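Residue numbers 1 to 231, in the numbering used here, belong to the letters of the sequence shown in order. Structure first, then comments.
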Amino acid sequence: MLNLIKLEIRRMNSGSVLLNFMLINVGIIGILLLLGLDSEAATEFLASPEDVMRLIELLVVAAFVINASVLLSNLIIEEFKNKTILVLFMYPINRKKLLLAKVLVISMLTFLFVIMSEIIVFSSFSAINNMYAPITVPLPTDLLADKIIHLIVTAVACAGMSLIPLFFGMIKYSVPATITSSILIIAILSSSFESGIGANLFSYTIIPIMLGIIGFVVANLVISRVVKRDF
Numbered sequence: 001m002l003n004l005i006k007l008e009i010r011r012m013n014s015g016s017v018l019l020n021f022m023l024i025n026v027g028i029i030g031i032l033l034l035l036g037l038d039s040e041a042a043t044e045f046l047a048s049p050e051d052v053m054r055l056i057e058l059l060v061v062a063a064f065v066i067n068a069s070v071l072l073s074n075l076i077i078e079e080f081k082n083k084t085i086l087v088l089f090m091y092p093i094n095r096k097k098l099l100l101a102k103v104l105v106i107s108m109l110t111f112l113f114v115i116m117s118e119i120i121v122f123s124s125f126s127a128i129n130n131m132y133a134p135i136t137v138p139l140p141t142d143l144l145a146d147k148i149i150h151l152i153v154t155a156v157a158c159a160g161m162s163l164i165p166l167f168f169g170m171i172k173y174s175v176p177a178t179i180t181s182s183i184l185i186i187a188i189l190s191s192s193f194e195s196g197i198g199a200n201l202f203s204y205t206i207i208p209i210m211l212g213i214i215g216f217v218v219a220n221l222v223i224s225r226v227v228k229r230d231f
């Protein structure tokens with residue numbers, strides 16, 4: 001399995017994946033800076049450092065769940081749609097292991113990207129805020145260290161949750177369905193605002209954790225079903 005994972009990583013366009021990672025981080029930082037254009041709204045919307053942290057977390061998770069759906073489309077959905085997956089199935093290797101390797105690569109990348117992105121975005125925005133104060137809320141550097149356990153749990157949940165779109169994409173080997181379903185998941189999680197950034201479904205840690213578990217289970221069931229098909 002480890003060799004299959006290494007092979008799948010080598011087959012990926014690493015330059016494009018890293019470029020997307022950097023652009024996503026720049027985009028999230030840009031969104032946070034735009035909040036500073038209206039200081040009154042920013043003060044009301046982000047009343048505490050925890051609110052800023054939750055907003056960063058929500059933006060990061062949203063970005064990388066959608067990014068994972070793009071990777072699922074490129075590495076799995078399109079290969080089935082174009083039947084190029086048949087070339088891999090010709091090798092004397094268990095089909096389920098081949099597909100699990102693809103899923104694990106996407107899941108691991110999502111896990112790493114969520115952790116790295118939250119650290120990069122928070123540290124960068126904290127430094128910018130200390131120099132130029134786009135928002136009036138102070139951002140202590142030790143806040144990230146205090147949230148490290150929560151950050152890891154969120155990243156694991158996101159790694160699983162990002163696999164849910166595989167179910168919808170594999171119904172008719174549809175790339176649009178894969179990406180659209182990831183957007184809908186994020187829309188549902190970030191909805192139900194009542195008062196500030198803390199009043200949405202994602203603020204309840206148990207919800208993304210449950211979705212993460214569902215994602216891992218769904219991916220396993222989809223793969224188990226797919227490998228039994230005749231091509």
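By construction, the Cβ of each residue, glycine as well, lies at the ideal position given by its N, Cα and C atoms. These numbers were taken from a predicted model, which means no experiment stands behind them.
{"Asked": "C-alpha distance - Ser-195 paired with Arg-11, whole-angstrom precision", "Found": "With a pLDDT of only 49 at Ser-195, under 50, the local geometry of the prediction cannot be trusted, and no value is derived from it."}
{"Asked": "Backbone CA spacing between Pro-176 and Pro-208 [nearest angstrom]", "Found": "23 Å"}
{"Asked": "Exposure of Gly-27, with buried meaning 16 or more beta-carbon neighbours within 10 Å", "Found": "exposed"}
{"Asked": "Short Cβ contact (8 Å threshold) for Phe-89 with Ile-29", "Found": "no"}
{"Asked": "Cβ distance (whole Å) where Leu-166 is taken to contact Ile-76 below 8 Å", "Found": "7 Å"}
{"Asked": "Asp-142 to Pro-49 span [Cα, whole Å]", "Found": "11 Å"}
{"Asked": "Bounding residues of the alpha helix (DSSP H) (the contiguous stretch that carries Asp-146)", "Found": "142 to 146"}
{"Asked": "For Tyr-132, the first and last residue of its enclosing alpha helix (DSSP H)", "Found": "95 to 132"}
{"Asked": "Sequence-distant residues of the same chain with beta carbon closer than 8 Å to Lys-257, five excluded per side", "Found": "Nothing can be reported for residue 257: it is not among the residues displayed for the chain, which extend from 1 to 231."}
{"Asked": "At least three beta-carbon pairs within less than 8 Å, the segment 45 to 59 to the segment 110 to 129", "Found": "yes"}
{"Asked": "Nearest-angstrom Cα separation, counted from Asn-82 out to Phe-193", "Found": "The pLDDT assigned to Phe-193 is 47, lower than 50, so where the model puts this residue is not dependable; a value taken from the coordinates is nonetheless given after this. Looking at the two C-alpha atoms, the distance is approximately 42 Å."}
{"Asked": "Exposed unless 16 or more other CB atoms sit within 10 angstroms - verdict on Val-65", "Found": "buried"}
{"Asked": "Chain-order list of residues whose beta-carbon lies under 6 Å from that of Pro-134 (same chain, five-residue window excluded)", "Found": "Leu-33 and Gly-36"}
{"Asked": "Helix, strand or coil at Pro-49 [DSSP, three-state]", "Found": "helix"}
{"Asked": "Contact set for Ala-157: own chain, Cβ-Cβ below 6 Å, skip 5 residues either direction", "Found": "Pro-208, Ile-209 and Gly-212"}
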